[in-house]
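Chemist: Okay, so the sequence shown: first residue is 5 according to our numbering, each after it adds one.
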Amino acid sequence: MFTEPNDLTSWLLAHVDEVSPIGDLARDVQVDDEWPEPTARWPESLQLYQEHMEDSDASDDALEVLEDAWSLFQDRWHRTKRRRQARDLEDIRTYCDLEDQGVCLYLDDRVR
Numbered sequence: 005m006f007t008e009p010n011d012l013t014s015w016l017l018a019h020v021d022e023v024s025p026i027g028d029l030a031r032d033v034q035v036d037d038e039w040p041e042p043t044a045r046w047p048e049s050l051q052l053y054q055e056h057m058e059d060s061d062a063s064d065d066a067l068e069v070l071e072d073a074w075s076l077f078q079d080r081w082h083r084t085k086r087r088r089q090a091r092d093l094e095d096i097r098t099y100c101d102l103e104d105q106g107v108c109l110y111l112d113d114r115v116r
């Protein structure tokens, strides 16, 4: 089963074989030994990656591709998260069909 990448770097690396601006960025990231890894102190953000690329004298075009990649990744991540939440809610509703309705209503309200 394929798991959606949950960080930009993993998402980009999934596109290294693409012949596209995002594929170009992914290949650059793949060989960039100083590409930032998010930490508790420096959580993942567009700014984290922009600052790294600016410090590396990236072109305006490359920074624009980064912004596009970030937007696509965020859209995909949020859609996947919503699907996962809907699946979890459906699992709870199925469970509730088998259990006491009072418990079901409590669980159902908590998930929303």
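Each residue gets a CB set at the ideal place from its N, CA and C atoms; glycine is no exception.
(1) Assign residue 43 to buried or exposed, taking buried as 16 or more other Cβ atoms, counted over all protein chains shown, within 10 Å of its Cβ.
(2) Would you report the Cα separation of residue 60 and residue 80, rounded to the nearest angstrom?
(3) Return the chain-ordered list of same chain residues with a C-beta closer than 8 angstroms to the C-beta of residue 33, the five sequence neighbours on each side being excluded.
(4) Measure the C-alpha to C-alpha separation of residue 29 and residue 48 and round it to an integer number of angstroms.
(5) At what residues does the alpha helix (DSSP H) containing residue 14 begin and finish?
(6) Quick check: what's the CA-CA separation for residue 41 versus residue 27?
(7) Measuring only the C-alpha atoms, how far is residue 71 from residue 45?
Modeler: Quick answer:
(1) Counting from 1 along the sequence shown, the entry for residue 43 is found at position 39. That one is exposed.
(2) The residue given as residue 60 occupies position 56 in the sequence shown. The residue given as residue 80 occupies position 76 in the sequence shown. Taking the straight line joining both Cα atoms gives about 27 angstroms.
(3) Here residue 33 refers to the residue found at position 29 of the sequence shown. Hits under 8 angstroms: 13, 16, 17, 39.
(4) As a position in the sequence shown, residue 29 is number 25, starting the count at 1. As a position in the sequence shown, residue 48 is number 44, starting the count at 1. One C-alpha to the other measures close to 17 angstroms.
(5) As a working mapping, residue 14 is identified with position 10 in the sequence shown. Segment 12 to 17, the alpha helix (DSSP H) holding residue 14.
(6) Translated into the one-based positions of the sequence shown, residue 41 becomes position 37. Translated into the one-based positions of the sequence shown, residue 27 becomes position 23. So the alpha carbons of these two residues sit roughly 19 angstroms apart.
(7) Here residue 71 refers to the residue found at position 67 when the sequence shown is read from its first residue. Here residue 45 refers to the residue found at position 41 when the sequence shown is read from its first residue. Residue 71 and residue 45: Cα-Cα distance of roughly 22 angstroms.
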